[in-house]
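*Asks:*
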Amino acid sequence: MRRVNLILCLLMVGARVASAQDSLPLANIDREIASRLMGIVDSARARGLPTTPIVAKISQGVLLHAATDRIVAAAQNVATRLDDARSALAPKPTAADITAGGDALSVTGVTKAALQAVRSTSPNRPVAVPIAVLAQLVASGVPAPRATEIVTQLLKRGASNRQLVALGNDVNSDVGRGAGANSSLDVRLRGLTAVLAPIPQATAGQPADISASGPKKP
Amino acid sequence: MTDAERDPVLRRALEELRRVPPADIDAMRRVVAAAAAARVTPFDSEPGVLSPRRGRSIRLWMAVGVAAASAFVGFALRGVWSARARVAPTFVSSTVVDSTNTPLRQVVSAEPDAAPIPTQFVFNSRRAHRISVVGDFNSWNPSNAPMLRSPDGELWSVTIPIAPGRHMYAFMVDDSLFTLDPTAPNARDPDLGTKGSIIIVGRP
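So the protein sequences, as listed, match chains A and B.
So the first sequence is numbered by this note's numbering: it starts at 1 and just counts up by one.
So the second sequence is numbered by this note's numbering: it starts at 1001 and just counts up by one.
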C-alpha cells in the first residue's frame, strides 16, 4: 500500500513538473495579477484550448512592459478569440487551426462567418495557412467579404499553401509601396490564376472572378 | 647494476622479503566465505530477508525508475490535456469538385501540415553586440532564439521551426532595443497596441 502511495505521489509530481513547461514569466508581476493570469491559462486549458497563444501574449506584454491590467485584458481577449475560433472551425480543428483562427479574429473585419466559410471549403484539412492569408489580406486593406471569397475559391481550385502565402505577402508588399489593396489583389490574382488553370471564361478585366473556371486538369 | 645487486646483505634481505609466505588455508576459507556472503543478490537470498543496506538500494532504484516513468506519463498526459483538440496523425480525405463536378479524392495528412517549418530570420547590423528573434512562436523570449553573426560581422541570422500560420515578431537588439524587421510587413497588435513584424509560414 505504501508503495502504491509512493507511485501515485511520484506520478503527480511528474505531471506537475511536465505541466510547468508552460511556465509564465510572472516573476516580477503582482501576486494577484499573476493569479488572474494563471487562472485564464488554466481555464483555457481546462476547456481544451491551446494555451500557447495566451502564454505568448502574456510574455509579449511583460517583455514590452505593458500595464498589468492591459496584459490581463489581452490574455482574456486571446482566450475568447480562441474559443470563438474553435467553434467556428468545428468539428475537427487542429491546435494550429484554432491558433490561426484566433489570430485572424483579432484583425478588424474578419468574422466567425469568414472562418466558417474557409472551414466548409476544406472540412477535413488543416486551414491554418488559408486563415492566416485571409487575415493578412484583410489587414492589408482588402475588404473581408472579398478576401474570404478569394481564399475559399483558391482553395476549391487547389491552390497550395505556398501560393496562398505568396499572394498574401505580395499584396501586402504592394500596399506597402503605395498600391491600393484591391488593385494589387487583382494583379496578383491574375498571375496566380494563370498558374492554377487556364481561364477560358474570364476576361482580362475580371481577374478576380476565379470561381468561373475549374481547376487545372492533369 | 643496482645497489641491491652489488651488496650481498641487501640482496639477501630482498630475497627474504620477496618470498611468498605459506598460505593459511583457514584464513583463505574465511575470506572466501565472507566474500560469498557479501555478494548475495535478491535472487539467491531468502524471500523477505533483505539487509537494511540492500533494501535502501532497491528502494532508491525503484524510486528512480518510478520517477522516470511518472515523468514520462506526466509528459504524455500533458500532451493529452493541453492539446485535446489536436487531430490525431491520421490520413484523411477531402473531396474537391472541379468544373465538371467530378469529385476528385485528395488524400492528405493532417499532421504534417501542422508540423513546424524551419524558418530563417536575417537582420543587418554591424553595431549590435547581441540580437534575438522574439515572437509569438517562441513566447517572446529573447533567450529562445539568439541570432548568430556572420563572419563579416554585418548579417545576423537564425533558423527556427515555426508552426504554419500568421505570426508577429520583432528583433531584440542588445537585450533592450525592440526593432521591427525592415523587410517584412508590420501590424499593430490589437491587444497591446504595439507594432510588430508579420510573417506567414506555410508548407508548400
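Every residue, glycine too, gets a C-beta built ideally from N, C-alpha and C.
Please confirm if A1163(B) has its CB atom under 8 Å from at least one CB of chain A.
*Replies:* yes
*Asks:* List the residues of chain B that D103(A) touches, going by C-beta distances under 9 Å, in chain order.
*Replies:* D1136, G1165, R1166, H1167, M1168
*Asks:* Run down chain A in chain order and give the residues with a C-beta less than 7 Å from the C-beta of A1187(B).
*Replies:* Within chain A, the residues whose beta carbon sits less than 7 Å from that of A1187(B) are A139, listed in sequence order.
*Asks:* I'd like to know if V142(A) contacts chain B, where contact means its C-beta is closer than 8 Å to some C-beta of that chain.
*Replies:* no
*Asks:* What residues match up with M1168(B) in a beta bridge as DSSP calls it?
*Replies:* I1198(B)
*Asks:* How big is the Cα-Cα spacing for S1176(B) and S59(A)?
*Replies:* When rounded, the distance between both Cα atoms is 15 Å.
*Asks:* Could you give the distance in angstroms between the alpha-carbon of T52(A) and the alpha-carbon of V1122(B)?
*Replies:* 25 Å
*Asks:* With respect to the alpha helix (DSSP H) encompassing I29(A), which residues constitute its N-terminal and C-terminal limits?
*Replies:* I29(A) -> no alpha helix (DSSP H), and no H or E assigned at all.
*Asks:* For G1165(B) and G1193(B), I'd like the C-alpha separation in whole angstroms.
*Replies:* 21 Å
*Asks:* State buried or exposed for P1185(B), treating a residue as buried only when at least 16 other CB atoms are found within 10 Å of its CB.
*Replies:* In summary, P1185(B) is buried, with 16 or more beta-carbon neighbours lying within 10 Å of its beta-carbon over all protein chains present.
*Asks:* Where does T51(A) sit, in a helix, a strand or coil, going by DSSP?
*Replies:* If DSSP states are grouped into helix, strand and coil, T51(A) belongs with coil.
*Asks:* Could you name the residues that DSSP lists as bridge partners for A1187(B)?
*Replies:* G1196(B)
*Asks:* Locate the alpha helix (DSSP H) running through G1135(B), then write down its first and last residues.
*Replies:* Counting along the chain, G1135(B) falls outside any alpha helix (DSSP H), though it belongs to the beta strand (DSSP E) covering 1131 to 1135.
*Asks:* Please report the straight-line C-alpha distance between P91(A) and T121(A), rounded to a whole angstrom.
*Replies:* 13 Å
*Asks:* Once you ignore the five residues that flank A96(A) on each side, which residues in its own chain have a CB closer than 7 Å to its CB?
*Replies:* P126, A128
*Asks:* Using only alpha-carbon positions, find the residue among A179(A), S106(A), A75(A) that is nearest to P1190(B).
*Replies:* Comparing Cα-Cα distances from P1190(B) to each of A179(A), S106(A), A75(A), the minimum goes to S106(A).
*Asks:* Measure the alpha-carbon distance for R188(A) versus G109(A) and round it to whole angstroms.
*Replies:* 22 Å
*Asks:* Can you name the residues of chain A whose CB is closer than 7 Å to the CB of T1194(B)?
*Replies:* L64
*Asks:* So, do the segment 1154 to 1164 of chain B and the segment 1122 to 1140 of chain B have three or more beta carbon pairs nearer to each other than 8 Å?
*Replies:* yes
*Asks:* Can you round the beta-carbon distance between D84(A) and K112(A) to whole angstroms, since I take them to be within the 8 Å contact cut?
*Replies:* 6 Å
*Asks:* Alpha carbons only, please: which of R1188(B), Q1120(B), E1015(B) is nearest the one belonging to L1148(B)?
*Replies:* Q1120(B)
*Asks:* Looking at C-alpha atoms only, which residue of I33(A), A34(A), L137(A) is the closest neighbour of G219(A)?
*Replies:* Shown here, chain A extends from 1 to 218; a query on residue 219(A) therefore has no answer.
*Asks:* Is D1044(B) close to chain A, meaning its C-beta is less than 8 Å from at least one C-beta of that chain?
*Replies:* Per-residue confidence for D1044(B) stands at a pLDDT of 37, beneath the threshold of 50, marking its modelled position as unreliable; the derived number appears in the next sentence. Not closer than 8 Å to any Cβ of chain A, the Cβ of D1044(B) fails to qualify, so no.
*Asks:* Could you tell me if D103(A) is buried or exposed, where buried requires 16 or more neighbouring beta carbons within 10 angstroms of its beta carbon?
*Replies:* buried
*Asks:* Around the Cβ of G178(A), are there at least 16 other Cβ atoms within 10 angstroms (buried) or fewer (exposed)?
*Replies:* exposed
*Asks:* Look at the alpha carbon of D186(A) and the alpha carbon of A67(A), and state the distance between them as a whole number of angstroms.
*Replies:* 42 Å
*Asks:* Indicate whether at least one CB of chain B lies closer than 8 Å to the CB of G168(A).
*Replies:* Chain B places a beta carbon closer than 8 Å to that of G168(A), counting this residue as a contact.
*Asks:* Of all the CB atoms in chain A, is at least one closer than 8 Å to the CB of F1091(B)?
*Replies:* Legend: pLDDT at F1091(B) = 27, less than 50; position of this residue unreliable, no value from coordinates given.
*Asks:* If you reduce the DSSP assignment to three classes, tell me which class R1012(B) lands in.
*Replies:* helix
*Asks:* Once DSSP output is grouped into helix, strand and coil, what is the label at V127(A)?
*Replies:* coil
*Asks:* Along chain B, which residues have their Cβ under 8 Å away from the Cβ of S59(A)?
*Replies:* Per Cβ cutoff of 8 Å: S1139, W1140, N1141.
*Asks:* State the DSSP-derived secondary structure class of N1141(B), mapped to helix, strand or coil.
*Replies:* coil
*Asks:* Between which two residues does the alpha helix (DSSP H) harbouring S173(A) extend?
*Replies:* Note, S173(A): alpha helix (DSSP H), 161 to 176.
*Asks:* Taking S183(A) as part of the beta strand (DSSP E), name the residues at either end of that continuous run.
*Replies:* S183(A) -> not in any beta strand (DSSP E); alpha helix (DSSP H) instead, spanning 181 to 196.
*Asks:* What's the call for T94(A), buried or exposed, on a 16-neighbour Cβ count within 10 Å?
*Replies:* buried
*Asks:* Which chain B residues sit within Cβ distance under 8 Å of L164(A)?
*Replies:* G1202
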